[in-house]
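Notes for the one structure printed next.
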Amino acid sequence: MSVLPEERKNEILKELNKKGKVKVIDLVEQFNVSEETIRRDLMILEEKGLLKKVYGGAIKTVYQNEEPPFMQRTTVNQEAKVKIGKKAMDQISNGDVIAIDVGTTMLEFAQCIENKKDITILTNSLPVSSLLTESLNQNKFTGQILLLGGIVDPKQQSMSGSITEQLLSQFNVDKAFISAGGVSAQNGVSNYHFHETLVSRKMVEVSKQVILLTDYSKIGVDTFCKVCSLEKVDAIVCDHSFPEEWKEHSILKEIEWIQAN
Numbered sequence: 001m002s003v004l005p006e007e008r009k010n011e012i013l014k015e016l017n018k019k020g021k022v023k024v025i026d027l028v029e030q031f032n033v034s035e036e037t038i039r040r041d042l043m044i045l046e047e048k049g050l051l052k053k054v055y056g057g058a059i060k061t062v063y064q065n066e067e068p069p070f071m072q073r074t075t076v077n078q079e080a081k082v083k084i085g086k087k088a089m090d091q092i093s094n095g096d097v098i099a100i101d102v103g104t105t106m107l108e109f110a111q112c113i114e115n116k117k118d119i120t121i122l123t124n125s126l127p128v129s130s131l132l133t134e135s136l137n138q139n140k141f142t143g144q145i146l147l148l149g150g151i152v153d154p155k156q157q158s159m160s161g162s163i164t165e166q167l168l169s170q171f172n173v174d175k176a177f178i179s180a181g182g183v184s185a186q187n188g189v190s191n192y193h194f195h196e197t198l199v200s201r202k203m204v205e206v207s208k209q210v211i212l213l214t215d216y217s218k219i220g221v222d223t224f225c226k227v228c229s230l231e232k233v234d235a236i237v238c239d240h241s242f243p244e245e246w247k248e249h250s251i252l253k254e255i256e257w258i259q260a261n
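Here the UniProt record's numbering is used: the first residue of the sequence shown is 1, the next is one more, and so on.
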């Protein structure tokens, strides 16, 4: 199995999320690389707080029920997130009212928004609103930005709570761009943080179209809080082709799968 280093790390994380642990000897056989290469991959992933190395392999970190702080995640799978952001930008039309939830993938998506006219962007992400404000000042696009108020989570740099949800209820949104901690055929879209999940759930509720942005390491993974079933998702933008294991679920074939090359 010949894959690029970043793809290999993504697959290691996916395996870890499924089983809770991975063994060096199994990964060597799976990827047909040396033990040194796998140990180096595990070391890099441990430095990013995504796993804990143990004798002969690695286990999930203490973050198994919550994800690392926002700044700690900004460089994880960054290349995939950039590709996803660029591809997702094509889904925005002039005049759209869009909602963008939180996460590092959404930050890359926001970075890519340009050459759009008269768009209105609602977000509960502090970094996304800051970046988009700068883009607006630089005339990369025209329109307005509405930062949804609420309780500030300093670690995840997000806004949430009943105020945030009530504000969202006041708008008719064309497209909601949502992120995920995990995406599975059985349990749909899920995330780590309860209050952020409620805001994302409200975005899904008030939007005419739901577009999920996710890198492939999240596919097949279930996290703490359920955002919505996949039946409520209209399109998925991912850095990988449609999952083989999903092809047996006829209803999932109705989702528009947009591969970010």
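Note that beta-carbon positions come from the ideal geometry of N, C-alpha and C, so glycine has one too. Since this is a predicted model, take the numbers as computed values, not measurements.
Residue from the options whose Cα sits closest to the Cα of residue i
i           : options                           : result
Pro7        : Cys238, Gly150 and Ile59          : Looking at the sequence provided, one finds Glu at residue 7 rather than Pro. It is Cys238 whose Cα lies nearest to the Cα of Glu7.
Thr104      : Ser135, Leu148, Lys155 and Gln30  : Lys155
Gly161      : Asp174, His193 and Ala185         : His193
Thr223      : Glu46, Phe242, Leu16 and Ile25    : Leu16
Gly20       : Ile44, Met43 and Ile59            : Ile59
Glu108      : Gln157, Arg201, Thr123 and Glu79  : Glu79
residue 263 : His240, Val152, Gln259 and Glu231 : Any question about residue 263 goes unanswered here, given that the chain covers just 1 to 261.
Asp26       : Lys48, Leu122 and Gly57           : Gly57
Lys202      : Asn124, Val152 and Asn94          : Asn124
Glu46       : Gln259, Val33 and Ile12           : Ile12
Val199      : Gln30, Val33 and Cys228           : Cys228
Pro5        : Val22, Asn32 and Lys18            : Asn32
Residues near residue i by beta carbon distance below 6 Å, same chain, minus five either side
i      : result
Trp257 : Ile236 and Phe242
Leu147 : Ser129
Trp246 : Ala185 and Leu252
Lys14  : Ser217
His240 : Tyr216
Lys208 : Asp174
Cβ-based neighbour list, residue i, same chain, cut-off 7 Å, excluding 5 preceding and 5 following
i      : result
Lys226 : Asn187, Gly188 and Ser190
Gly149 : Met159, Ile163, Thr164 and Leu167
Asp96  : Ile119, Asp174 and Lys175
Val233 : Val189, Val210, Leu212 and Ile255
Arg39  : Val24
Ala110 : Ile100, Val128, Leu131 and Leu132
Residue range of the unbroken beta strand (DSSP E) whose run includes residue i
i      : result
Gln144 : Gly143 to Leu147
Lys175 : Val173 to Ile178
Per DSSP, cross-strand counterpart(s) of residue i
i      : result
Leu213 : Val237
Val33  : DSSP output for Val33 lists no bridge partner at all.
Val22  : Ala58
Met159 : Val152
Gly85  : Bridge partners of Gly85: none, in fact.
Val97  : Thr120
Cys112 : Beta-bridge pairing links Cys112 to no other residue.
Asn191 : Cys225
Ile219 : Val183
Ser207 : Val173
Enclosing alpha helix (DSSP H) for residue i [first to last residue]
i      : result
Leu122 : Looking at the DSSP string, Leu122 is not in any alpha helix (DSSP H); the run it does join, the beta strand (DSSP E), is Ile119 to Thr123.
Lys52  : Unbroken run through Lys52 is the beta strand (DSSP E), Lys52 to Val54; no alpha helix (DSSP H).
Ser135 : Leu126 to Asn137
Glu256 : Unbroken run through Glu256 is the beta strand (DSSP E), Glu256 to Gln259; no alpha helix (DSSP H).
Ala185 : Premise fails: Ala185 is in no alpha helix (DSSP H) and is neither H nor E.
Lys247 : Careful: Lys247 lies outside any alpha helix (DSSP H) and carries neither H nor E.
Cβ shell of residue i (< 8 Å), same chain only, five flanking positions each side left out
i      : result
Ile44  : Lys9
Asn115 : Lys140 and Phe141
Ile98  : Ile92, Ile119, Thr120, Ile121, Leu122, Val173, Asp174, Lys175, Ala176 and Phe177
Gly143 : Lys116, Lys117, Asp118, Ile119, Thr120, Ile121 and Leu136
Val206 : Ala99, Leu168, Ser169, Phe171, Asn172, Val173 and Ala176
Asp153 : Met159, Ser160, His193, His195 and Glu196
Residue-level contact to chain D via CB, residue i, 9 Å cutoff
i      : result
Asn124 : Of the chains in the structure shown, none is chain D; there is only one protein chain.
Exercise for the section: Flag this pair as touching only if the segment 179-192 and the segment 216-231 have three or more C-beta atom pairs under 8 Å; answer yes or no. Expected result: The segment 179-192 is in contact with the segment 216-231.
Practice task
Examine the Cβ distances between the segment 43-57 and the segment 81-101 and report whether three or more of them are shorter than 8 Å.
Solution key: no
Problem - Inter-stretch contact (C-beta, 8 Å, three-pair minimum) for the segment 248-256 and the segment 94-110 - result: no
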